[in-house]
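So for the sequence shown, the numbering used here puts the first residue at 232; every next one is plus one.
What follows is a set of notes on a single structure, which appears directly below.
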Amino acid sequence: QRYMEAAAIKNSTKRSEDKFLQLDLLYKQIRLLQVVDSLKKSAKDTWKCSKVEATLDQLASPQTWLLKRNTGFIKVYTDSNIRAKQLEGLYIDLIEDVPCEFSMY
């Protein structure tokens with residue numbers, strides 16, 4: 232649609248009308264660029280938040296060890312897993328109060 236508008240401006244004969252149409256088209260293009268930039272920033276913030284949450288979830292999950300003679304698996308909670316689970320809880324409490332895009336991550 233912008234290309235058709237630009238072609239119509241080039242094909243018009245009035246100079247004053249050309250300037251007005253060019254400025255209008257320029258305004259529309261600038262507005263579209265602002266919208267695209269805003270959407271990019273929003274997507275980046277959402278991606279960062281989901282990545283932090285996924286990393287904390289992975290660190291907080293227990294380790295799975297294979298038992299002798301392949302009789303099954305056991306979940307082992309280490310000090311690191313327990314501490315990571317606590318930090319994950321603190322992070323979740325923090326982002327409930329403050330939107331994620333304003334957090335440090």
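Heads up, the beta-carbon is just placed ideally off N, CA and C, and yes, glycines get one too.
N- and C-terminal bounds of the beta strand (DSSP E) containing residue i
i           : result
residue 297 : 294-297
Cβ neighbour criterion (16 or more within 10 Å) applied to residue i
i           : result
residue 287 : buried
residue 327 : exposed
residue 248 : exposed
residue 336 : Confidence is the limiting factor: at residue 336 the pLDDT is only 41, short of 50, which leaves the residue's position unreliable, though a coordinate-based value still follows. Classification for residue 336: exposed.
**Segment contact, 8 Å Cβ cut-off, at least three pairs: the stretch 274-288 with the stretch 312-325** = Short answer: they touch.
**Request:** Could I get the ranges of all uninterrupted alpha helix (DSSP H) runs contained in the stretch 236-280, with 4 residues as the minimum, in chain order?
**Result:** none
**Item:** Cβ contact (3+ pairs, closer than 8 Å) linking the stretch 288-295 and the stretch 304-312
**Value:** yes
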